[in-house]
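Take a look at the structure below.
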Amino acid sequence: MKLITLKLDKQNIFLLLLIVMVAAGKLIPFRSEYNQYFNLSAFIDWGIAAIFLLYGLKLNIKEIIKDISNWKLHLLVQVGTFIIFPLLVFLFYGFVKDTEFFVTWLSIFFLASLPSTVSSSVVMVSIAKGNVTSAIFNASISGIIGIVMTPLLMSFFIQPDQENINNAEIIQQLLLKVLLPIILGLILNPLLKNWVTKYAKIIAEFDKMIILLIVYESFSEAFSQNVFVSVPSSVFLIIAVSVITLFFSVYGILKLISGRLHFKREDTITATFCGSKKSLVHGSLFVMVLGIPEDQKVLFLLPVMIYHSFQLFYVSWLANKIEKKYRLENG
Numbered sequence: 000m001k002l003i004t005l006k007l008d009k010q011n012i013f014l015l016l017l018i019v020m021v022a023a024g025k026l027i028p029f030r031s032e033y034n035q036y037f038n039l040s041a042f043i044d045w046g047i048a049a050i051f052l053l054y055g056l057k058l059n060i061k062e063i064i065k066d067i068s069n070w071k072l073h074l075l076v077q078v079g080t081f082i083i084f085p086l087l088v089f090l091f092y093g094f095v096k097d098t099e100f101f102v103t104w105l106s107i108f109f110l111a112s113l114p115s116t117v118s119s120s121v122v123m124v125s126i127a128k129g130n131v132t133s134a135i136f137n138a139s140i141s142g143i144i145g146i147v148m149t150p151l152l153m154s155f156f157i158q159p160d161q162e163n164i165n166n167a168e169i170i171q172q173l174l175l176k177v178l179l180p181i182i183l184g185l186i187l188n189p190l191l192k193n194w195v196t197k198y199a200k201i202i203a204e205f206d207k208m209i210i211l212l213i214v215y216e217s218f219s220e221a222f223s224q225n226v227f228v229s230v231p232s233s234v235f236l237i238i239a240v241s242v243i244t245l246f247f248s249v250y251g252i253l254k255l256i257s258g259r260l261h262f263k264r265e266d267t268i269t270a271t272f273c274g275s276k277k278s279l280v281h282g283s284l285f286v287m288v289l290g291i292p293e294d295q296k297v298l299f300l301l302p303v304m305i306y307h308s309f310q311l312f313y314v315s316w317l318a319n320k321i322e323k324k325y326r327l328e329n330g
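Here the sequence shown stands for residues 0 to 330, where the numbers follow numbering that gives the first Met the number 0.
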């Protein structure tokens, strides 16, 4: 329990650092002339590839194969992540497609298209006494499916004839920075698995550092180009209300379906916790490789950051509440 509490405390520190990076983007923005001393964009590009390489190295193939028999649970989690989430947002497409709110809607759809998060899903499921093995399986497989599904879902709305958008370049970026590193990681997995396990804490900090730098660079660009001047406060409110409503909608739907499928208590916890999560890691990385215009990147990051913060605080409270109820019922 102390280890879990420590992980949650680290998550809170990370959320604070995200806020610091936003503030730094405003107060000391990174300018293009600084690249002669330190090329931040190039460093982030290599960092993205390194994160996906390490992701491949960390995948436990044996655990995935062992738990594949619990297919109903796995199917529900992935359906929630890649079908229910986008479908709920798509319901509003007809109302916004020809309006000034289209980009705001698209940024929320981007959030809905992302895979589930890994570490916090497993931690929360563990606290609530859910099915941890299946949580590990779904968190891992979700990231792999997301490599295909997130760009595919976004491709329906990011058109190749838009300014700064080039499909060939997007595919190249995905292959070089995402798919190739993961395949290389999987190939090297048997050789370097022990090394990855030994330095797991350092690797986790590296992941966070790259995310923080992506946030800093994106907000530096946004503040330098006065992006927020043209964005009314109502848009931020719409995003916040939308993503929180989205969370409760998906969570409720998954809980209802779990009941109809007569899932055990442990499987219901895993289905609702894993299926309602979205990955800040993948969100930050895909913002950089999906051909999203520079002046819109920060708007695409906002829903992901708000959702990530909310899911951490609320689900950690919910997990502890479920765990206390479990202890009372089981002595």
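We put the CB at the ideal spot given by N, CA and C, even for glycine. As the structure is a computational prediction, the values presented were derived from the model and not from experiment.
Would you kindly work out how many angstroms separate the C-alpha atoms of residue i and residue j, rounded to a whole number?
{"i": "residue 137", "j": "residue 58", "result": "11 angstroms"}
{"i": "residue 139", "j": "residue 27", "result": "37 angstroms"}
{"i": "residue 61", "j": "residue 186", "result": "14 angstroms"}
{"i": "residue 322", "j": "residue 315", "result": "11 angstroms"}
{"i": "residue 0", "j": "residue 325", "result": "Its pLDDT being 49, under 50, residue 0 is placed unreliably by the model, and nothing is read from it."}
{"i": "residue 309", "j": "residue 242", "result": "9 angstroms"}
{"i": "residue 193", "j": "residue 240", "result": "43 angstroms"}
{"i": "residue 199", "j": "residue 52", "result": "14 angstroms"}
{"i": "residue 328", "j": "residue 275", "result": "26 angstroms"}
{"i": "residue 45", "j": "residue 290", "result": "17 angstroms"}
{"i": "residue 123", "j": "residue 252", "result": "19 angstroms"}
Could you confirm whether any beta carbon from chain C is found closer than 9 angstroms to the beta carbon of residue i?
{"i": "residue 146", "result": "This model lacks chain C altogether, as it is built from one protein chain only."}
Using DSSP with H/G/I as helix, E/B as strand and the rest coil, what is residue i?
{"i": "residue 130", "result": "coil"}
{"i": "residue 313", "result": "helix"}
{"i": "residue 89", "result": "helix"}
{"i": "residue 38", "result": "coil"}
{"i": "residue 290", "result": "coil"}
{"i": "residue 65", "result": "helix"}
{"i": "residue 4", "result": "Residue confidence for residue 4 is low, a pLDDT of 49 falling below 50, so the modelled location carries little weight; the figure read from the coordinates is stated next. Correct three-state label for residue 4: helix."}
{"i": "residue 326", "result": "helix"}
{"i": "residue 266", "result": "helix"}
{"i": "residue 29", "result": "coil"}
{"i": "residue 140", "result": "helix"}
Which residue marks the beginning of the alpha helix (DSSP H) containing residue i, and which one marks its end?
{"i": "residue 77", "result": "70 to 78"}
{"i": "residue 220", "result": "199 to 223"}
{"i": "residue 244", "result": "232 to 259"}
{"i": "residue 101", "result": "101 to 112"}
What whole-angstrom Cβ distance do residue i and residue j have, given they're in contact under 8 angstroms?
{"i": "residue 278", "j": "residue 115", "result": "6 angstroms"}
{"i": "residue 24", "j": "residue 249", "result": "That pair is no contact at about 30 angstroms."}
{"i": "residue 212", "j": "residue 39", "result": "7 angstroms"}
{"i": "residue 77", "j": "residue 144", "result": "6 angstroms"}
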